[in-house]
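Novice: One structure coming up, written as structure tokens, with questions to follow.
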Amino acid sequence: MGMASTRDPSKIFFLFVLILTTLRLIFLATNPLDLAPDEAYYWDWSRHLDVGYYSKPPLIAWIIWLGTHLFGPTEFGVRFPALLLGTLSLIILFRFTRQLFGDEVALWATLLSGLTVGAAIGSFIMTIDAPLILFWTLALLAAWNAIGHGEGRRPLWWLTAGVATGLGLLSKQTMIAFPALFFLYLLSDKGLRRHLLTPWPYIAFFIAIFMLSPTIYWNMDHGWITILHTKHHFDPNRGGLIDGLKTFGELFGALFGLLTPVTFCLILMGS
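Note that UniProt numbering numbers the sequence shown so that position 159 is 159, with each residue one more than the last.
Below, the structure written as structure tokens:
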């Protein structure tokens with residue numbers, strides 16, 4: 001009999017989140033480390049607010065601006081939003097996995113996720129991945145409910161999916177994969193294709209693009225500089241097969257460390 005079989009998984013989860021967040025907050029408040037290069041880069045953006053920047057969308061700068069105006073221009077002010085975003089991501093993950101697999105699986109999934117090295121670093125270092133993970137998870141929860149797998153009013157879930165996708169696009173370019181993959185998911189399932197005959201998926205997508213439109217206009221006015229920067233990552237001339245294999249090996253090793261060996265192996269077993 002599992003831990004969650006004899007006790008309320010929701011209470012255990014929220015106790016876990018409370019303890020974990022408190023410990024992270026203490027570490028954050030006493031952390032002697034200076035800002036990492038990326039953090040300093042984004043902090044400098046936050047001192048010159050705009051709707052677009054050279055290499056990334058603007059949300060990271062807006063978030064850091066808010067953090068430093070609440071807590072001062074300090075390392076804590078820059079990094080506190082990362083802690084908050086990480087905690088919210090865990091809460092949404094618990095809700096989503098509970099809908100999919102039930103209370104006990106949801107509890108273990110969030111425990112494993114919250115205790116990974118990657119989650120710890122992501123709660124201490126303010127990068128674009130913290131808001132991306134939050135809004136990707138929220139968009140996933142909303143989209144899943146919008147197509148009828150959960151409770152509540154579907155139109156509201158579609159609107160939530162659109163807003164979450166828009167915020168994700170304002171966080172990192174990678175978010176563009178979400179609507180593309182979700183569209184293919186609906187297209188590949190005969191029972192779900194009916195949703196493509198309704199206006200809601202397109203309304204959600206329009207909301208996301210509308211939210212991103214100031215950044216699109218900024219890029220257009222600056223020679224599509226962010227697009228050109230992103231395109232550089234896909235340049236086939238950056239390296240040959242050996243370099244590609246080396247990069248893949250580095251990514252594989254990084255995931256092994258960031259996810260921790262146990263979680264990494266569990267993911268491989270479940271794939």
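For each residue, glycine too, the CB sits at the ideal point set by N, CA and C. Only a predicted model underlies this, so the values are computations on that prediction, with no experimental measurement involved.
1) Of all the beta strand (DSSP E) runs that stay within the bounds of the stretch 245–271, which reach a length of 3 or more residues?
2) Given a threshold of 16 other Cβ atoms within 10 Å of its Cβ, counted over all protein chains shown, does residue 276 qualify as buried or as exposed?
3) Secondary structure at Asn31, three-state DSSP: helix, strand or coil?
4) Output needed for Phe94: all residues of its chain with C-beta closer than 7 Å, excluding positions within five of it in sequence on either side, in chain order.
5) Do Ile128 and Lys56 come within 8 Å of each other at the CB atom, strictly closer than that value?
6) Around the C-beta of Met126, are 16 or more other C-beta atoms found within 10 angstroms, so that it is buried, or is it exposed?
7) Is there contact between the stretch 214–231 and the stretch 186–204, where contact requires at least three CB pairs shorter than 8 Å?
8) Going by C-alpha to C-alpha distance, which of Thr215, Leu90, Lys190 sits closest to Leu15?
9) When you compare only the Cα positions, how much space is there between Ala120 and Leu197?
10) In the stretch 176–244, which residue ranges form an unbroken alpha helix (DSSP H) of at least 4 residues, counting only runs that do not cross its ends?
11) Exposed or buried, Asn219, counting other C-beta atoms within 10 Å across all chains shown (16 or more means buried)?
12) Three-state secondary structure (DSSP) at His69?
13) Are the beta-carbon atoms belonging to Leu167 and Thr215 less than 8 Å from one another?
14) Just to confirm, is the Cβ distance from Pro37 to Asp50 under 8 Å?
15) Please classify Tyr42: is it buried, with 16 or more other beta-carbons within 10 angstroms of its beta-carbon, or exposed?
16) Out of Ala40, Phe71, Gly72, state which residue places its alpha-carbon closest to the alpha-carbon of Ile60.
17) Given a cut-off of 8 Å on the beta-carbon distance, is the pair Val17 and Thr87 in contact?
18) Which whole-angstrom value describes the C-beta separation of Trp157 and Asn145, a residue pair presumed to lie in contact below a C-beta threshold of 8 Å?
19) So Ala161 and Ala130 are in contact, right, with Cβ under 8 Å, and what is the actual spacing, rounded?
20) When the Cα atoms are used, what is the spatial distance from Ser213 to Leu134?
21) Check each candidate in Asp34, Leu25, Gly191 and name the one with the smallest Cα separation from Gly148.
22) Consult DSSP for Trp171 and reduce its assignment to one of helix, strand or coil.
23) Taking the alpha helix (DSSP H) that Ile121 falls in, what are its first and last residues?
24) Measuring CB to CB, does Ala82 end up less than 8 Å from Ser123?
25) Return the chain-ordered list of same chain residues with a C-beta closer than 7 Å to the C-beta of Phe256, the five sequence neighbours on each side being excluded.
26) I'd like the list of long-range same chain contacts for residue 346, defined as Cβ closer than 7 Å, with 5 residues on each side in sequence excluded.
27) Quick one: what's got a C-beta closer than 8 Å to residue 343's C-beta in the same chain, skipping five residues either side?
28) On a CA-only basis, which of His195, Ala208, Arg193 is nearest Ile176? Give me that one, please.
29) Please say whether Glu75 and Asp34 have beta carbons closer to each other than 8 Å?
Specialist: Walking through what the data contain:
1) Counting whole runs of 3 or more residues, the stretch 245–271 contains no beta strand (DSSP E) stretch at all.
2) Lying outside 1 to 271, the shown extent of the chain, residue 276 is not represented and no answer is given.
3) Residue state, collapsed to three classes: coil.
4) Once the five neighbours on either side are set aside, the close Cβ partners of Phe94 are Phe13, Ala106, Thr110.
5) Less than 8 Å separates the beta-carbon of Lys56 from that of Ile128.
6) Flag for Met126 reads buried.
7) Contact fails: fewer than three Cβ-Cβ distances are below 8 Å.
8) The shortest C-alpha to C-alpha distance from Leu15 to any of Thr215, Leu90, Lys190 is the one to Leu90.
9) The alpha-carbon separation between Ala120 and Leu197 amounts to approximately 42 Å.
10) Taken in chain order, the whole alpha helix (DSSP H) runs of length 4 or more contained in the stretch 176–244 are 177–188, 200–221, 225–232.
11) So Asn219 ends up on the buried side.
12) The answer is helix: DSSP assigns His69 an H, G or I state.
13) No, Cβ-Cβ distance for Leu167 and Thr215 is not below 8 Å.
14) No.
15) Looking at its Cβ environment, which holds 16 or more other Cβ atoms inside 10 Å, Tyr42 is buried.
16) Looking from the CA of Ile60, the closest CA among Ala40, Phe71, Gly72 belongs to Ala40.
17) Yes. Within cutoff.
18) About 4 Å separates the beta carbon of Trp157 from that of Asn145, a gap short enough to meet the 8 Å contact definition.
19) In this structure Ala161 is not in contact with Ala130, their Cβ atoms being roughly 20 Å apart against a cut-off of 8 Å.
20) Rounded to the nearest angstrom, the two C-alpha atoms are 21 Å apart.
21) Among Asp34, Leu25, Gly191, the Cα nearest to that of Gly148 is on Gly191.
22) Note that residue 171 is Ser in the sequence shown here, rather than Trp. Per DSSP, reduced to three states, the secondary structure at Ser171 is coil, with no helix or strand assignment.
23) Taken as a continuous stretch (DSSP letters only), the alpha helix (DSSP H) holding Ile121 covers 117–124.
24) Yes; because the gap between Cβ atoms is below 8 Å, this pair is in contact.
25) Answer for Phe256: Phe264, listed in chain order.
26) Residue 346 is absent from the model: the chain starts at 1 and stops at 271.
27) What is shown of the chain runs 1 to 271, which leaves residue 343 out entirely.
28) Nearest in C-alpha terms to Ile176, of all of His195, Ala208, Arg193, is Ala208.
29) Yes, the Cβ-Cβ distance between Asp34 and Glu75 is below 8 Å.
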